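Only one structure is covered here, and it is reproduced in the block below.
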Amino acid sequence: MRKIIFITIVAFLSTFCANAQGTDTTSVHKETLPFGKPCGDAHSIPKIEHSINVGVGIGASSPIPIPNRISEMSWAPHPCGILGYRLRYTLNSNLGLKTGLQLQHVGMSAKAKVYQMFTQATVEDAEVSGYFTGYNETKINATYLSVPLLFSYKIIGTDWGFDAGVFVALKIQGHFGGAVKDGYIRIDTPTGDRAEVGYETFNFSKELNPFNFGLLFSAEREISQHWSGWLDLSWALTPTLKDTFQGLEYKMYNIYGFFGISYNL
Amino acid sequence: MKTKNYSQAFCSLLLICVVTIFPSCNRETPENMEADMLTFSIREDGRTVVIPSGDHVVNYYLSTHLDDTALLSLTPEITITENATIVPKPGTPMDFSRPVTFVVSSQSGDWHRTYTVNIINTILTNSDFEQWQGSGSGNNYYETPVGWSTANNGVRIIHGMGVPDLEFPTYKTDEAFSGRYAVAMCTRLGGQTSMVPNLISGSLFLGYLGNVTLLTLANPLLLTKFGVPYTKTSQLPDSLIGYLRYIPGTDYQDPRGNICPDSTDRCSFYAVLFEGSEPLDGTNIQSSERIIAIAKYDYKTPLSSTTYTRIALPFVYRKPVPQGVPLQYSVIASSSSKGDLYEGAAGSMLYLDAVQIKLKNPEK
Chain A
1357 MRKIIFITIV AFLSTFCANA QGTDTTSVHK ETLPFGKPCG DAHSIPKIEH SINVGVGIGA
1417 SSPIPIPNRI SEMSWAPHPC GILGYRLRYT LNSNLGLKTG LQLQHVGMSA KAKVYQMFTQ
1477 ATVEDAEVSG YFTGYNETKI NATYLSVPLL FSYKIIGTDW GFDAGVFVAL KIQGHFGGAV
1537 KDGYIRIDTP TGDRAEVGYE TFNFSKELNP FNFGLLFSAE REISQHWSGW LDLSWALTPT
1597 LKDTFQGLEY KMYNIYGFFG ISYNL
Chain B
-3 MKTKNYSQAF CSLLLICVVT IFPSCNRETP ENMEADMLTF SIREDGRTVV IPSGDHVVNY
57 YLSTHLDDTA LLSLTPEITI TENATIVPKP GTPMDFSRPV TFVVSSQSGD WHRTYTVNII
117 NTILTNSDFE QWQGSGSGNN YYETPVGWST ANNGVRIIHG MGVPDLEFPT YKTDEAFSGR
177 YAVAMCTRLG GQTSMVPNLI SGSLFLGYLG NVTLLTLANP LLLTKFGVPY TKTSQLPDSL
237 IGYLRYIPGT DYQDPRGNIC PDSTDRCSFY AVLFEGSEPL DGTNIQSSER IIAIAKYDYK
297 TPLSSTTYTR IALPFVYRKP VPQGVPLQYS VIASSSSKGD LYEGAAGSML YLDAVQIKLK
357 NPEK
């Protein structure tokens, strides 16, 4: 995974740097700017565009694939939001590179029936781990400071543009907790002592992965000279909880979609 | 409409996401990893016992007395976890004159539980405490006299709750009155975490320890299920005899852990004969209306701390024996008589050996 992250970032940066060092203005149609809009000042194409994005979203932190020990799932999105700055560096009439800095809040609640699933729960002040059968409620809320690194493609003659790339994110704060209820836990092993569980809570907040990396896809449509509407899908490739965390037998990944508007400065 | 386009596009993206995730899901029913013996029965006897999940030893008391030769060929009927397997296969006659070990394996084959079944055909089996059986491993290993029950399995659960070094309160000792071994019961200091009681007294009884759960640990009186079938209905119990040695601990404490300087710990030793096929528990073992007779140590004979003292206690009958109703009895001993209320002194030691039940009108 680290190799993938490293290669992606190096590829992006090397493209970015190679072009930034170039002195020539990228050749574009003199008469038109991207998006096919007539340009008042045909002689200067903005090499760098800036925008401020604001948006809302929904999504989930989910194991992939969903293990067969989980069934009867229900999911409730928490309000998710994004506020960010993006910079687009033009390579040619179609292509560009995008980066920026964004504050991103994600969250969800999920309820599921689980069957002999390894987990940990804190009962009073004692930590119990084992194989739980019953109902599980999980709540996740986390805020990340994230840097997207995107290749940007604008479709000439339309208002549309698409971006694809990766993001790297640092967790600023987060909560991962919930409860297990109406079931039983086999202590330590599936054949361990059986303990009935009425309602016990767990809190894995300390186990949230401080670093997140993943794929980011974006679609954007220009509404006016300054305003655009956009849609993002971010799909984390690093798990939501630390790799070293043993309290769940599967890894969960953040998959969130956002839509919003951006003001192009 | 632009907004419509956006929502359409967003929906398609979500759809891509969903379509990507779900085909890769393995929705086959997961393999059952559990491997429990749920119930045990002897076809020739008919009584079925439900096995608490923590148990590895099954004491099956025959409900009617059989000749000892009948033990050479009894047919076990066993229910186990769905899709698990068991060796040896029940349903065919086996020799139960000695303990028989069954291994239950989970559907996945990765997990096993071993059960030792004792078929008990006498009133008061192993009452000199010479035969012991081990359960668990490592610091979870403890021994139990064959045919009897202790609360040690509850301590094993406490081990798993962050108090791994709590010693088992009931154990084998070679400081015996007769034979090689006797039972030692010691009141242990628990505490440490809020789920663990302040005091855990050593105990020994006929019956079984119910499912130890996070819930029942908070109410241990319901955990001890007293009673095994009383099969000699033609001869009722006359007196309970035992050899006891007792060393009360210092620092008697109340349930809140406050030291009571004027109080001294006491042991308990009693037997109860009662009607019905359901067990009694810690809440009603001395008060239930089903009780027919009780023989109880009343502290009139002082116990020595260095040598065994013979205690003989008459059964005091509260009512006549009802006809046509199954009878049960239990013999109960504890290192702290109020240990079930978390009252007593840590370190109180009760040694018990050579227990007998003398019967009325012995057969000629």
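Residue numbers (the working numbering), protein chains in the order written: chain A, 1357 to 1621; chain B, -3 to 360. Idealized CB from N, CA, C, for every residue including glycine. Quantities reported herein were computed from a predicted structural model and do not represent experimental measurements.
| query | result |
| --- | --- |
| Can you tell me the Cα-Cα spacing of T260/B and T297/B, whole angstroms? | 16 Å |
| So K356/B packs on Q231/B, CB below 8 Å; how close in whole Å? | 6 Å |
| With a cut-off of 9 Å, does the C-beta of Q1581/A fall near any C-beta of chain B? | no |
| Under the DSSP definition of a beta bridge, which residues are partnered with Q129/B? | T140/B |
| Between the alpha carbons of T1379/A and M1464/A, how many angstroms are there, rounded? | For T1379/A, the predicted structure reports a pLDDT of 40, less than 50, and the residue's modelled location is therefore unreliable. A value from the coordinates is still provided. Going from the Cα of T1379/A to the Cα of M1464/A covers about 47 Å. |
| Short check: CB of P225/B to CB of S59/B, under 9 Å? | yes |
| N1492/A touches chain B at which residues, Cβ-Cβ below 8 Å? | None at all; the shortest Cβ gap to chain B is about 15 Å. |
| In chain B, which residues lie less than 8 Å from I1543/A when you measure between Cβ atoms? | I153 and G156 |
| May I have the straight-line CA-CA distance separating K292/B from P310/B, to the nearest angstrom? | 8 Å |
| According to DSSP, simplified to helix, strand and coil, what is A66/B? | helix |
| Examine chain B for any beta-carbon lying closer than 9 Å to the beta-carbon of D1549/A, and answer yes or no. | yes |
| Go through its chain and collect everything with a Cβ distance to G1411/A's Cβ below 6 Å, but skip five positions before and after it. | I1438, F1614, F1615 and G1616 |
| Taking the straight line between their C-alpha atoms, what separation do you get for C1436/A and T1545/A? | 38 Å |
| Give the DSSP-derived three-state secondary structure of E1563/A in the structure shown. | helix |
| Taking Cβ to Cβ, would you say D91/B is nearer than 9 Å to S123/B? | no |
| Should H108/B be flagged as near chain A, meaning a C-beta pair shorter than 9 Å? | yes |
| Output yes or no for whether 9 Å exceeds the beta carbon distance between G143/B and N114/B. | yes |
| Would you grab the beta carbon distance between V1484/A and G156/B for me? Rounded to a whole angstrom, and I think it's under 8 Å. | 7 Å |
| In the segment 1527 to 1585 of chain A, which residue ranges form an unbroken beta strand (DSSP E) of at least 3 residues, counting only runs that do not cross its ends? | 1550 to 1559 and 1567 to 1578 |
| Give the DSSP-derived three-state secondary structure of D170/B in the structure shown. | coil |
| At which residue ranges does the segment 1582 to 1609 of chain A contain complete beta strand (DSSP E) runs of 3 or more residues, listed in the order of the chain? | 1583 to 1592 |
| Between which two residues does the beta strand (DSSP E) holding R252/B run? | Run containing R252/B: none; DSSP gives neither H nor E here. |
| The segment 1407 to 1427 of chain A: which residues have C-beta closer than 8 Å to a C-beta of chain B, in chain order? | S1418, I1420, P1421, I1422, P1423, N1424 and R1425 |
| For the putative contact between I237/B and Q127/B, defined by C-beta atoms under 8 Å, what is the C-beta separation to the nearest angstrom? | Actually they do not touch by this definition, with Cβ atoms about 20 Å apart. |
| Considering Cα atoms alone, identify which of R1550/A, S1508/A, L1453/A and G1530/A is closest to G206/B. | R1550/A |
| Classify T1514/A as buried or exposed, calling it buried when 16 or more other Cβ atoms lie within 10 Å of its own Cβ. | exposed |
| Against chain B, does Q1529/A count as a neighbour if the rule is that its beta carbon must be under 9 Å from one of theirs? | no |
| Whose C-alpha, out of L185/B, K85/B, G320/B and Y167/B, is nearest the C-alpha of A178/B? | Y167/B |
| Which value, in whole angstroms, describes the spacing of the CA atoms of S1383/A and N1448/A? | For S1383/A, the predicted structure reports a pLDDT of 41, less than 50, and the residue's modelled location is therefore unreliable. A value from the coordinates is still provided. The straight-line gap from Cα to Cα measures roughly 6 Å. |
| List, in order along the chain, the chain B residues whose C-beta lies closer than 7 Å to that of E1483/A? | G158 |
| Is DSSP giving G134/B helix, strand or coil here? | helix |
| Where do the N-terminal and C-terminal ends of the beta strand (DSSP E) with H108/B fall, by residue? | H108 to I116 |
| Measuring CB atoms only, is the segment 128 to 135 of chain B touching the segment 30 to 43 of chain B, in the sense that at least three cross pairs come out at less than 8 Å? | no |
| Could you give the distance in angstroms between the alpha-carbon of L1453/A and the alpha-carbon of Y1500/A? | 22 Å |
| What does N207/B touch in chain E if you count any residue whose Cβ is under 8 Å from its own? | The structure shown has no chain E; the protein chains it does contain are A and B. |
| State the beta-bridge partners of V45/B as determined by DSSP. | F36/B |
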